[in-house]
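Engineer:
Residue numbers (our numbering): 14 to 153.
1. Just curious, the alpha helix (DSSP H) that residue 40 is in, first and last residue?
2. Taking 8 Å as the threshold, find out whether the stretch 129 to 136 comes into contact with the stretch 81 to 101 through three or more Cβ pairs.
3. Expressed to the nearest angstrom, what Euclidean distance is found between the alpha-carbon atoms of residue 151 and residue 74?
4. What three-state label does DSSP hand residue 75 in the structure shown?
5. For the candidate residues 19, 83, 138, whose alpha-carbon lies nearest to that of residue 32?
6. Would the beta-carbon of residue 149 fall within 8 Å of that of residue 53?
See the structure below:
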């Protein structure tokens with residue numbers, strides 16, 4: 014699996030209420046494509062050419078949610094490109110905290126919701142590829 018190179022690098026944020034003492038996490042409910050609409054995910058998006066993963070994540074959260082963030086630690090995945098999403102894409106995920114703005118559904122989401130950061134999080138209707146990442150976050 015580590016020999017695979019994914020042509021699409023995606024980045025996501027596990028947006029917590031506090032990097033020092035996290036108790037809640039903000040998730041986005043997908044609006045599209047139809048196969049994923051209504052499922053929950055970590056906000057984020059694709060890395061553009063000439064952009065670092067961290068720069069892309071900050072840009073995506075301004076575009077999608079209207080917030081500025083500070084990054085915490087990366088949630089390391091099983092692959093050098095993070096967490097495989099499908100045969101074409103892999104996602105690197107960081108803990109992050111909002112430092113400016115109020116989250117809003119500007120792009121790609123039907124809803125945003127804060128969830129308790131506990132085992133009940135595993136019962137959320139996740140995009141399937143995000144569930145292993147959730148388990149990793151809960152084990153921190």
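Each residue gets a CB set at the ideal place from its N, CA and C atoms; glycine is no exception.
Structural biologist: On the basis of the supplied data:
1. From DSSP, residue 40 is part of no alpha helix (DSSP H) but of the beta strand (DSSP E) over 37 to 43.
2. no
3. 22 Å
4. helix
5. 83
6. no
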